[in-house]
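In what follows, a structure is listed as structure tokens, so that the remarks can point back to it.
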């Protein structure tokens, strides 16, 4: 059992190191790409000043905050099988009990008999 725990700890450390390396590479490449595209297009098109690498990283972070959100798992757009209001996807009557369904059927039949629409 102790070997398995040590293996899990070592695996967790390796995953943590890989995540740190991946995030660092993403920030570095993203900063170079953003600053490169900005400096290539915007000064010539609009007369805006060139930006540094660090300003490119700042723009990358700002765009993530403004357009991508900052939530992790469970944040906006990652609600899992339940929808925005805590209901699972499916027909509206899926969450109703048999008695509630029967009551609604009776109300619909009564409204049809009276010529009303629901």
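In the working numbering, the protein residues as written are 1 to 118.
Idealized CB from N, CA, C, for every residue including glycine.
Can the beta-carbon of residue i be found less than 7 angstroms from the beta-carbon of residue j?
i          : j          : result
residue 31 : residue 67 : no
residue 57 : residue 38 : no
residue 34 : residue 60 : yes
Near residue i, which residues of its chain fall below 6 angstroms by C-beta distance, leaving aside the five closest residues on each side in sequence?
i          : result
residue 42 : 48
Have a look at residue i and residue j and give me their C-alpha separation to the nearest angstrom.
i           : j           : result
residue 112 : residue 94  : 23 angstroms
residue 99  : residue 106 : 11 angstroms
residue 40  : residue 12  : 41 angstroms
residue 110 : residue 103 : 11 angstroms
residue 8   : residue 55  : 39 angstroms
residue 22  : residue 96  : 47 angstroms
For residue i, is the beta carbon positioned less than 6 angstroms from some heavy atom of the ligand HEM?
i          : result
residue 15 : With respect to the ligand HEM, the structure shown offers nothing to examine, as it has no ligands at all.
Kindly list the residues whose CB is nearer than 8 angstroms to the CB of residue i, restricted to its own chain and excluding five residues on each side of it in sequence; keep chain order.
i           : result
residue 62  : none
residue 101 : 93
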